[in-house]
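Each remark here refers to the structure printed beneath this line.
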Amino acid sequence: MDFDAWLVSYISDDQPFEYFIYRRSKKRAEYLFTTRPELTGRKLSKMIGFDYSARDGLRIQAYLSLPPQTPLLGPAQLHGDRLELARQGMLPKKPQRLIVLIHGGPKLRDFFGFAAINAWLTSRGYAVLQVNFRGSVGFGKNLTNAGNGEWGRKMHQDLLDGIDFLVHNGIADKRQIAIMGGSYGGYATLVGMTGFYKDMTTMLGRRYLKSRSPLYFANRVKHPLMIVHGANDPRVKQAESDQFVAALMKNHIPVTYIVFPDEGHGPRKPHNTLAMAGFIEEFLHKCLHGDVEPFHLGNLQTFIPLSIL
Numbered sequence: 359m360d361f362d363a364w365l366v367s368y369i370s371d372d373q374p375f376e377y378f379i380y381r382r383s384k385k386r387a388e389y390l391f392t393t394r395p396e397l398t399g400r401k402l403s404k405m406i407g408f409d410y411s412a413r414d415g416l417r418i419q420a421y422l423s424l425p426p427q428t429p430l431l432g433p434a435q436l437h438g439d440r441l442e443l444a445r446q447g448m449l450p451k452k453p454q455r456l457i458v459l460i461h462g463g464p465k466l467r468d469f470f471g472f473a474a475i476n477a478w479l480t481s482r483g484y485a486v487l488q489v490n491f492r493g494s495v496g497f498g499k500n501l502t503n504a505g506n507g508e509w510g511r512k513m514h515q516d517l518l519d520g521i522d523f524l525v526h527n528g529i530a531d532k533r534q535i536a537i538m539g540g541s542y543g544g545y546a547t548l549v550g551m552t553g554f555y556k557d558m559t560t561m562l563g564r565r566y567l568k569s570r571s572p573l574y575f576a577n578r579v580k581h582p583l584m585i586v587h588g589a590n591d592p593r594v595k596q597a598e599s600d601q602f603v604a605a606l607m608k609n610h611i612p613v614t615y616i617v618f619p620d621e622g623h624g625p626r627k628p629h630n631t632l633a634m635a636g637f638i639e640e641f642l643h644k645c646l647h648g649d650v651e652p653f654h655l656g657n658l659q660t661f662i663p664l665s666i667l
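The sequence shown runs 359 to 667 under this note's numbering.
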């Protein structure tokens, strides 16, 4: 084995991944394919990495993606932190509609590079914030371990501090913010919707766990909510969503609840992912008035057995 042939991936934030075969003997790379050829050459959003201080002083890393062709402020007549943000291309001329996209795990992380979900959301006119909050991996043990015991508390405050950073700097419109995510990101979404993180009480045992569960604060939901679940999810059982939706209905709080009977921990089948994207896009349009492409289940060739409440 001479290791002459290498498989090389080229990663960019505003273009799909590209793959090459590099032959050391020839010192030449041969193009193989791109993961999303239909997007090649299109104007897609850039991803900008930045960091900010959480309220307790911990430095948090995050990514911002702005809609393509967003008019930006130049560095002229700016100073201090805003000057540096302008140099990074982070300062739009007017505050943007914002979607806070929360990664799962929670001991995972968001990465720099092309992401189809970012390209989709920014193409509809939304800025996207992704936060590597405490408990995330890839930034040292101190940051990861800082999330221990902080579900629904400091881990969520890191998200709020990131939003405040964008609002304070005129990047995000505080009146037009949505929060979404899957797995732990779904939990964090419910934390944000119920607002129970504001009750900083110390409890023990079952009372402690109860204090971290959005279920017991469902009556506090004040804003539109959509829940999407796979009926065969082995990690987050459908019963968890069922009981939260039941708690909302008990309190006469409207909710959009979509169950995919043939999916597990997040939709994977192409017709289901398209359906989910259509539902989410329409939901966000109703809430934040971003762009929307007309969507009907009948547009899809494959029959989709759905339960929609």
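All residues carry an ideal CB built from backbone N, CA and C; glycine is no exception.
If I follow the unbroken beta strand (DSSP E) through E376, where does it start and stop? E376 -> beta strand (DSSP E) spans 376-381.
So which of H461, N490, V495 has the shortest CA-CA distance to G544? Per the Cα distances, H461.
Hey, would you say Y377 sits closer than 8 angstroms to F391, going by beta carbons? The Cβ-Cβ distance between Y377 and F391 falls below 8 angstroms.
Going by alpha carbons, who is nearest to G505 out of I611, A412, P625, V525? The shortest C-alpha separation from G505 is found at A412.
Use the C-beta contact count for N577: other C-beta atoms within 10 angstroms, 16 or more gives buried, fewer gives exposed. Under this definition N577 is an exposed residue.
Relative to the C-alpha of H623, which candidate in Q601, L424, S541, M634 has its C-alpha closest? Of the candidates Q601, L424, S541, M634, S541 places its Cα closest to the Cα of H623.
By alpha-carbon positions, which one of W364, D414, N630, G399 ends up nearest to R511? Each of W364, D414, N630, G399 was checked against the Cα of R511, and the nearest Cα belongs to D414.
Which residue marks the beginning of the beta strand (DSSP E) containing S411, and which one marks its end? For S411, the uninterrupted beta strand (DSSP E) run begins and ends at 405-411, by DSSP.
Starting from A477, trace the alpha helix (DSSP H) in both directions and tell me its first and last residue. DSSP places A477 in the uninterrupted alpha helix (DSSP H) bounded by 474-481.
Once DSSP output is grouped into helix, strand and coil, what is the label at M584? It is a strand residue.
Give me, in chain order, the residues of the same chain whose beta-carbon lies closer than 7 angstroms to that of R417; leave out the 5 immediate sequence neighbours on both sides. Around R417: D409, S411.
Please classify P433 as buried or exposed, where buried requires at least 16 neighbouring CB atoms within 10 angstroms. Per the 10 Å Cβ criterion, exposed.
Assuming G463 and I369 make a contact with CB atoms under 8 angstroms, what is their CB distance in whole Å? With 8 angstroms as the limit, G463 and I369 do not qualify as a contact, their Cβ atoms being about 21 angstroms apart.
Near T480, what residues of its chain come up, given a Cβ to Cβ distance below 8 angstroms and the 5 sequence neighbours on each side ignored? In its chain, beyond the 5 residues on either side, L402, S403, S423, L424, P425, P426, V486 have a beta carbon closer than 8 angstroms to the beta carbon of T480.
7 angstroms CB neighbourhood of T552 in its chain, flanking five on each side removed: The beta carbon of T552 sits closer than 7 angstroms to those of P572, F575, A576, R578, V579, all from its chain and outside the five residues before and after it, given in chain order.
Simplified DSSP state of T547, which is helix, strand or coil: T547 falls in the helix class under three-state DSSP.
Could you compute how far the alpha carbon of G493 sits from the alpha carbon of K385? Rounded to the nearest angstrom, the two C-alpha atoms are 42 angstroms apart.
Does DSSP classify T552 as helix, strand or coil? T552 falls in the helix class under three-state DSSP.
If you count every other CB in all the chains shown that lies within 10 Å of the CB of R467, and 16 or more means buried, which is it? With 16 or more other Cβ atoms within 10 Å, it is buried.
Can you give the Cα-Cα distance for I638 and P450, rounded to whole angstroms? So the two alpha carbons sit approximately 25 angstroms from each other.
From which residue to which residue does the alpha helix (DSSP H) around S541 run? Boundaries for S541: no alpha helix (DSSP H) harbours it, and the DSSP string shows neither H nor E there.
Could you tell me the boundaries of the alpha helix (DSSP H) in which S599 lies? For S599, the enclosing alpha helix (DSSP H) covers residues 596-608.
Measure the CB-CB distance between M448 and I475 and report whether it falls below 8 angstroms. Against a cut-off of 8 angstroms, the Cβ pair of I475 and M448 comes out as no contact.
For P453, which residues in the same chain have their Cβ closer than 6 angstroms to its Cβ, ignoring the five residues on either side in sequence? Apart from sequence neighbours up to five positions away, the residues of its chain that approach P453 with a beta-carbon distance below 6 angstroms are G528, A530, D531, ordered along the chain.
Kindly list the residues whose CB is nearer than 8 angstroms to the CB of K644, restricted to its own chain and excluding five residues on each side of it in sequence; keep chain order. So the qualifying residues of the chain are P582.
Suppose contacts are defined by Cβ-Cβ distances below 8 angstroms. Is Q534 in contact with R455 by that definition? Taking 8 angstroms as the cut-off, the beta carbon of Q534 is found closer than this to the beta carbon of R455.
Are L517 and F497 touching if we call contact CB-CB under 8 angstroms? Going by C-beta atoms, L517 is not nearer than 8 angstroms to F497.
Classify G399 as buried or exposed, calling it buried when 16 or more other Cβ atoms lie within 10 Å of its own Cβ. Exposed is the call here.
CB contact flag (F618, L548, <8 angstroms): Taking 8 angstroms as the Cβ cut-off, F618 and L548 do not qualify as a contacting pair.
Alpha-carbon spacing of L365 relative to Q373, whole angstroms: About 19 angstroms.
Using the Cβ count rule (16 or more neighbours within 10 Å means buried), how would you classify Q659? For Q659, the predicted structure reports a pLDDT of 45, less than 50, and the residue's modelled location is therefore unreliable. A value from the coordinates is still provided. Residue environment for Q659: exposed (fewer than 16 other C-beta atoms within 10 angstroms of its C-beta).
For Q427, name the three-state secondary structure that DSSP assigns. Reduced to three states, the DSSP call for Q427 is coil.
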